[in-house]
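Peer 1:
Chains as they are written, first to last, in our numbering: chain A, 3 to 320; chain B, 3 to 320; chain C, 3 to 320; chain D, 3 to 320; chain E, 3 to 320; chain F, 3 to 320.
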């Protein structure tokens, strides 16, 4: 923007094309944190993906799908949605740069840190799961080590393939633990599955995670799982929801789908069951629109973000 | 068709291109009501859709998918399908006109009225949900106010946005109630869900509907739901099945999918459980083929129509 | 928006879901006409479509595809793009209502009239071709009868099917002529084709149009066609570009594709050849994203809008 | 159909599911040859395909796409379409059986033979190119050896892989020549291309074919090609058009696409240029809908069939 | 391969294009049976399909999808996957020929017979269900009549349409029984469903099959089903898994999907529950990639093959 | 592979899932350079993409599509394909690592360097255009600065956005020039287009490139363009072909398509016209399968690689 009255489009080198201002639920777009309780933030980054890329288009598509979510005048206070009490802004996207992971992780952290510092709760739309690492860095700077509540098909706790290439979307919690961002003893993983991952499952459990596999979840059900979660988490919680926790039938648009996953009903009810918990930060990651069809994965993600807003509206006063 | 022996194709201005004679299960195509007990009628209309259009191609695609349904010689009477006792015709499509909703609603009513008057049961292939309004007008002219049995993600009971624009696919039952076509006290809605619809849910219940949300259905199961339905409906029943009652995983090809919906198994079993009820009219609506893949939504709809035929074959003698 | 500090998402009944603020080339979004020379306006309307609907998603998808168009600092004046001299705003979308054509045509006219009155040039993103009628009404109110320059596979000059249903996307120019909005003697149609349309072609020519069929265009080439156009148009011109002027290979995402059409190269060069003409209004219509793949139709449309901007920047001082 | 008044759907074992009565241009469906000059016949067979199957759905999809072709009242005789003088029926489909090629080839021949015998011209909708062999058998029974006019990317003149497996879609003309169905000296192939096919090209030429490769066609143009065709064919002609003569951009929905092919404009103009030739039989083959998108391949095929009808209407009186 | 040092690509006439060496889980490709316990064999054949073809691409796509299955170093013996004890080779594909079913069935049998004879367990990747017949011929030559364990939506026990056309993918077990390849009294079918198949269901039961319909499975659950299976099978077992046993939401990429099927979770748990049984041969059939999306059907099949490997690793010593 | 006889699948952490051994034209897979004249090398890397990722699947899909290319016994020497004189191996893929660009560029260079050193010509299958930089590094180490022959929609000569992030797919030739890998005075770019790229076009020309825009190419034709190329290049040439040089109608499956591009016919003829030139290295880049349909983009790329082989076979003896 120059000082004269000429107007220029966004510069494709500064602002990647997959990024843009399609606001969530067509909420106001603003970076005025003084006017918000919750900020929706896009992190259109997918350089950490190991298999099918495309999650960089996740924020855009989740926002588009969110247009379908209803919010309309109601006649009784308790029937009103979260917007009666919660001020929600679409904060826009992190300015992602091409090709370099480190710079992007720092940019994500840098955008989120002042949000947390201002007492505003960010809901991050990924992007691949790598974005949870800088999100946790920003969260922990304000809240200290967090309880992690993690819905995913994969534990994302693998050691890095090489010390000088520490990050990809499968090493996130290993790094987060080593940096002291999360406290595994207060953390829960739900939905883990996939062929012969028992070795890494055992490693997660040995490290402290309370890990509920998809099979265990199927056997014990939603209520028991929620009870285990509530018995485990303490203090400020970070909720990270990888859309591949859902079965590929419900969420085909993702990078590394795993069969025999959760149904959308189970996932929505699980998240809805978290109301009342003091969750300090949220993300939904790994929505890869090039593999979606009929927008069903993005729609599921948008609904889960809506459930996050309900959690925010229902949080205990701190 | 002229009086000489020349033959002309259908006129694209009189008969829209999305309409045509691809018969359901390749049954005979005829408008001779004296030869039928049930008439399959296409209503390729989608001007009432608020989000993703395409349901105008629903009748064509359901008919195509219906080719997969089997009917073959069987060796024992009780193993025979509904065609042993039921005369089913494909009655063809309503001649839809471009761009004007009122004319189309009247055309749909006008085509169905003589079907009901002749004592033939129509099964209407939509088209968007707006087509249920003229279908109810035709049904009520013969049967009086009906019990409505409604499977849907949405209650479709919203007030119209403006008095001079009374109709779209979300105002159908509000209008039907005001015209006295349905008796809410004898009516049931199953599968309602979607973000913060509790206000409209409460309004439906206050108006008289027995409304079973998708969550309540999931909690209570098929048998209890069928029991509630049977305890509620009385007199001639109209069954309207919006394919978005199914979860987007099972029915992606629809205009306003809602996550956390019914599985195809639940939906088929629910409909199968209605055998024995005196259902006077049927429709399956909101199949939008441009959003379908591998024809799975149309196939589900075709199977549900087949279940409707079984209901017709099993109806108590009146 | 209420007077307190609560924030609400867009209301799905007032603002349809397929509409939204994804700005063209991520230009500033504003309705301050004092700051603009050109206004990009979305008309997400497709109730006038006779075959495959979906053009209501055209404005959104063209805006998304426009993110790929480059605009970057250049070192010499003549290398600079149109934004050096032209102030372009994204004016947003017409608020479309469900199901009723008349109200929507009036809303489109009403939004565009003050744009023309303010001396700002609108570029309308359709929507189906019906939207050109209210656009011409708005243009003629300021400019009087216009020269029509029309790129299309179809002449859209058919008589209405019934006097009380005057409008659909194939009757637009018949209506515009009768209302005195366009002067056929100063008007040109390019690209007309499709099976046995010679009768309507003759009727168009008899009425005054200079009509260049796709076959004639293929035979005579771009330069001769441009010469004929320049020899014919006079006074303020309205340029309406139906994306189905392009062959389905180049523009599959449209409602009524016609084989043997123009290539994207031909179409871009034709439009580029119009620089210097005093074009007062523009539209690009009939982009139907549900039938597009890999976004190629929307991308073609976005590039053509960019060419429109170049025409605006190159217009003779009035 | 039984003698009582019960009605049964088509039997899936006798009538395959991919076959059915969706009439071309929604023309009357009939097998009364006394009322027809031209019969559209579907041959939904693709067991002869070597690479991507799916052409069994070709007849259905071409018929569906044909709904878009216009035929409307015109005001002058010369503007009227072919239906003014030509009686065209949709004759329906050959009853294809599963899994066995020989039986199917015989069934195709058996259905077409009486059509030719009755002096009616069949236009066969394939199906893969194997169906041309029985079509030629039926044609030659009435007309004797035919001039073959063949548009294709491939010469389909390969020797069979084994004497006891003589047929697949690439051996058709080798077999036809050996059976004396076609006279290579009066035959032309246009559009042949694909990597290093020069050996088979030379073999075709040595055998008598006038073969015009796609490269030669591109160099010499439409007019010269038509001149060569007219100079070569004599006597009754059989026109076989493989949709893969078109470039994959224009006809992606086919089994063995070859790059650098004809444009739809070139193909339509070539066929249109054949008016006046005494063509006795036609087919369009290898439309494989599972690989099509936005129906563009089927639409091209439907338009080419329409051009065939124009050729029939323009044939010299015999 | 010639004796000089020139290298040639595969010959498209000898080796069909849909066949190739993309190894399962990127295991070594070899035909040295002395080095293997299990051999993955592709049978890219789909001439027996009655509705939607494409299963010929099944082996290729299952192999591609299998790249996503993990196998990595583990720290404890019981956490190790099946490759610690099981030597698994990718044996490559049967050389399928075009157009003739009999030759192909013999080729499939001939490739598998020495595998069984060498004491190696084949896992066959179909291809359509017809391939199970030659697989059973090969298995029975070594093992004698087998217990059949069959997961499918269809019983595939229909009588052939004609004595001289005995085979298609729906007559497999009728033929296998008549040839004495399977012992119905020791055989189980699970997942049978689809409209009015009760006649054939009764016929299967009368013939000796223990048949568990999809509805019965849904009512009784996984554990009871496994118990019934274990109570029924005896001696060497052949496990044939048709991917259409899964619901179309979980496996859209198949030829004849049937609604109201098994979930992926149910299917995986069912197969996992078979560990310990002496299964002598396996196949997974009817994966039709042209109808798949986001590769979810192929991924489900690949995971089921992985479960087969676990069964092999867990087999009792013989 | 361990020293015992156990066999393990590929490790997903060492060998990414999108990489694998699906050989080009099913040629032998080997790294024995002593047996090859040409080596096909996959570089499944797309971290340098600025817009739509997915080119990491390019090598796999080009190899799959290459199965359709024919090579069969011929009867005359001049009709034989390139394999009569040229030994071609599929060399496999570069082992790509997740998330880090620098390591990958070095791995690509390191794999190619010994190929060049051995006097073998590599044909690299991308991957995004960034891979050309390490390919040029490897080529220049053997051949010194090369003539660049570059077919593309974009000049890829932009300055890097930041000195510490020097590489992405648009900065390749800027870096190559600065490193002395290419000699711009001997280099040609063909096909450049896209909105207002005239500034960068001028910059390229000022730097020394002979740049032929897509518009200039369209005006002057293939022969004149080939003449200009032949007049410009000298010494060893590197040919880099970005598939987006083709129009999106012909190559939708790419990251940054640009309208008004070359047809497949033009592109094939251009490449074919290069026979006789001493080309030392080749690549085809930016095939992004997630955006392809019916495999047409991959098929075009596979055919262009075949044309490269013909160039290699026709090279003058050095």
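Note that beta-carbon positions come from the ideal geometry of N, C-alpha and C, so glycine has one too. Remember, predicted model here, so these are calculated numbers, not experimental data.
Kindly say whether residue 307(D), judged by its beta-carbon, lies nearer than 8 Å to any beta-carbon of chain E.
Peer 2: Reading the fourth chain from its first residue, position 305 is the one you call residue 307(D). Chain E, which has no Cβ nearer than 8 Å to the Cβ of residue 307(D), makes this no.
Peer 1: What residue range does the beta strand (DSSP E) around residue 93(D) cover?
Peer 2: Within the fourth chain, the letter at position 91 stands for residue 93(D). 90-95 is the span of the beta strand (DSSP E), which, as asked, contains residue 93(D).
Peer 1: Could you tell me the alpha carbon to alpha carbon distance between residue 294(E) and residue 53(C), rounded to whole angstroms?
Peer 2: Here residue 294(E) refers to the residue found at position 292 of the fifth chain. Here residue 53(C) refers to the residue found at position 51 of the third chain. Cα to Cα, the separation comes out at about 27 Å.
Peer 1: Using a Cβ cut-off of 8 Å, which residues of the segment 235-261 of chain C contact any Cβ in chain F, in chain order?
Peer 2: Those residues of the segment 235-261 of chain C that come within reach of chain F (Cβ to Cβ, closer than 8 Å) are 249, 251 and 252.
Peer 1: Quick one: what's got a C-beta closer than 6 Å to residue 160(C)'s C-beta in the same chain, skipping five residues either side?
Peer 2: Position 158 of the third chain holds residue 160(C). For residue 160(C), where only same-chain residues beyond five positions count, the Cβ hits under 6 Å are 172 and 173.
Peer 1: Quick check: the Cα distance between residue 186(C) and residue 177(C), rounded to an integer number of angstroms?
Peer 2: Here residue 186(C) refers to the residue found at position 184 when the third chain is read from its first residue. Here residue 177(C) refers to the residue found at position 175 when the third chain is read from its first residue. So the alpha carbons of these two residues sit roughly 12 Å apart.
Peer 1: Assign residue 302(F) to one of three DSSP states: helix, strand, or coil.
Peer 2: Position 300 of the sixth chain holds residue 302(F). Three-state result, residue 302(F): helix.
Peer 1: Can you tell me the Cβ-Cβ gap for residue 312(E) and residue 277(E), rounded? I've got them flagged as a contact below 8 Å.
Peer 2: Looking up residue 312(E) in the fifth chain gives position 310. Looking up residue 277(E) in the fifth chain gives position 275. About 6 Å; that satisfies the 8 Å criterion.
Peer 1: By the three-class DSSP mapping on this structure, what secondary structure does residue 84(A) have?
Peer 2: Taking the first chain and counting its residues from 1, one reaches residue 84(A) at position 82. In the structure shown, residue 84(A) sits in a helix (DSSP, three-state: H, G or I).
Peer 1: On the CB-based measure, 16 or more other CB atoms within 10 Å of its CB, does residue 87(F) come out buried or exposed?
Peer 2: For this step, residue 87(F) is matched to residue 85 along the sixth chain. Per the 10 Å Cβ criterion, exposed.
Peer 1: Residue 55(D) and residue 48(E): beta carbons closer than 8 Å?
Peer 2: Sequence index remark: in the fourth chain, residue 55(D) carries index 53 (1-based). Sequence index remark: in the fifth chain, residue 48(E) carries index 46 (1-based). The answer is yes: Cβ separation under 8 Å.
Peer 1: Which residues, taken in chain order from the segment 268-300 of chain C, show a beta carbon closer than 8 Å to some beta carbon of chain D?
Peer 2: Within the segment 268-300 of chain C, the qualifying residues are 293, 294 and 295.
Peer 1: Residue 50(B) and residue 61(B): beta carbons closer than 8 Å?
Peer 2: On the second chain, residue 50(B) is found 48 positions in, with the first residue counted as 1. On the second chain, residue 61(B) is found 59 positions in, with the first residue counted as 1. Result no, Cβ atoms of residue 50(B) and residue 61(B) do not sit closer than 8 Å.
Peer 1: So, with DSSP's three-state summary, where would you put residue 228(D)?
Peer 2: As a first step, residue 228(D) is located in the fourth chain; it is residue number 226 there, counting from the start. In the structure shown, residue 228(D) sits in a helix (DSSP, three-state: H, G or I).
Peer 1: Can you give me the Cβ contacts of residue 202(F) inside the same chain, cut-off strictly under 6 Å, excluding the 5 residues immediately before and after it?
Peer 2: Here residue 202(F) refers to the residue found at position 200 of the sixth chain. Same-chain partners within the cutoff: 157.
Peer 1: Does the structure place the segment 245-261 of chain E close enough to the segment 298-306 of chain B that three or more beta carbon pairs sit under 8 Å?
Peer 2: Taking 8 Å as the limit for Cβ pairs, the verdict is that the segment 245-261 of chain E does touch the segment 298-306 of chain B.
Peer 1: Beta-carbon of residue 310(D) versus every beta-carbon of chain B: anything under 8 Å?
Peer 2: Working through the fourth chain from its first residue, we reach residue 310(D) at position 308. For residue 310(D), the answer is no, since every Cβ of chain B falls outside 8 Å of its Cβ.
Peer 1: Quick one: using the 10 Å Cβ neighbour count with 16 as the cut-off for buried, is residue 242(C) buried or exposed?
Peer 2: Numbered from 1 along the third chain, position 240 holds the residue referred to as residue 242(C). That one is buried.
Peer 1: Below 8 Å between beta carbons is the criterion; list the residues of the segment 49-73 of chain F that meet it against any residue of chain D, in chain order.
Peer 2: So the list reads 70, 71, 72 and 73, given in the order they occur along the chain.
Peer 1: By DSSP's criteria, residue 152(C) is part of a beta bridge. Which residues make up the other side?
Peer 2: On the third chain, residue 152(C) is found 150 positions in, with the first residue counted as 1. According to DSSP, which records beta bridges pairwise, residue 152(C) is partnered with 191(C) and 242(C).
Peer 1: Whole angstroms is fine: what's the gap from residue 79(B)'s alpha carbon to residue 282(B)'s?
Peer 2: Counted from its first residue, the second chain places residue 79(B) at position 77. Counted from its first residue, the second chain places residue 282(B) at position 280. Because the pLDDT of residue 79(B) is 43, which lies under 50, any placement of that residue in the model is unreliable, and the question is left without a value.
Peer 1: Please name the residue, chosen from 149(C), 94(C) and 255(C), that lies closest to residue 300(C) on a Cα-to-Cα basis.
Peer 2: To locate residue 300(C), count along the third chain from 1; it is residue 298. Answer by Cα proximity: 255(C).
Peer 1: Taking the straight line between their C-alpha atoms, what separation do you get for residue 182(E) and residue 239(B)?
Peer 2: On the fifth chain, residue 182(E) is found 180 positions in, with the first residue counted as 1. On the second chain, residue 239(B) is found 237 positions in, with the first residue counted as 1. Residue 182(E) and residue 239(B): Cα-Cα distance of roughly 53 Å.
Peer 1: I want to see whether chain D comes within less than 8 Å of residue 164(F), judged by CB atoms only; does it?
Peer 2: Numbered from its first residue, the sixth chain carries residue 164(F) at position 162. Not an interface residue.
Peer 1: Along chain D, in chain order, which residues have C-beta atoms closer than 9 Å to that of residue 169(E)?
Peer 2: On the fifth chain, position 167 is the one that residue 169(E) refers to. Simply 100, 101 and 102.
Peer 1: Under 7 Å Cβ-Cβ, which residues of chain D neighbour residue 302(F)?
Peer 2: Here the question's residue 302(F) lines up with position 300 in the sixth chain. The answer, in chain order, is 261.
Peer 1: Taking C-beta pairs closer than 7 Å, name the residues in chain D that residue 36(F) reaches, listed in chain order.
Peer 2: Sequence index remark: in the sixth chain, residue 36(F) carries index 34 (1-based). Those do not exist, as residue 36(F) stays about 27 Å from chain D at its closest Cβ, beyond 7 Å.
Peer 1: In the structure shown, what three-state DSSP assignment does residue 128(E) receive?
Peer 2: Residue numbering aside, residue 128(E) sits at position 126 when the fifth chain is read from its first letter. The answer is strand: DSSP assigns residue 128(E) an E or B state.
Peer 1: Buried or exposed: where does residue 251(E) fall if 16 or more other Cβ atoms within 10 Å of its Cβ makes it buried?
Peer 2: The residue you call residue 251(E) lines up with position 249 of the fifth chain. The residue in question, residue 251(E), is buried, as its Cβ has 16 or more Cβ neighbours within 10 Å.
Peer 1: Counting C-beta neighbours from all protein chains within 10 Å, is the total for residue 318(D) 16 or more, i.e. buried, or is it exposed?
Peer 2: Counted from its first residue, the fourth chain places residue 318(D) at position 316. It counts as exposed.
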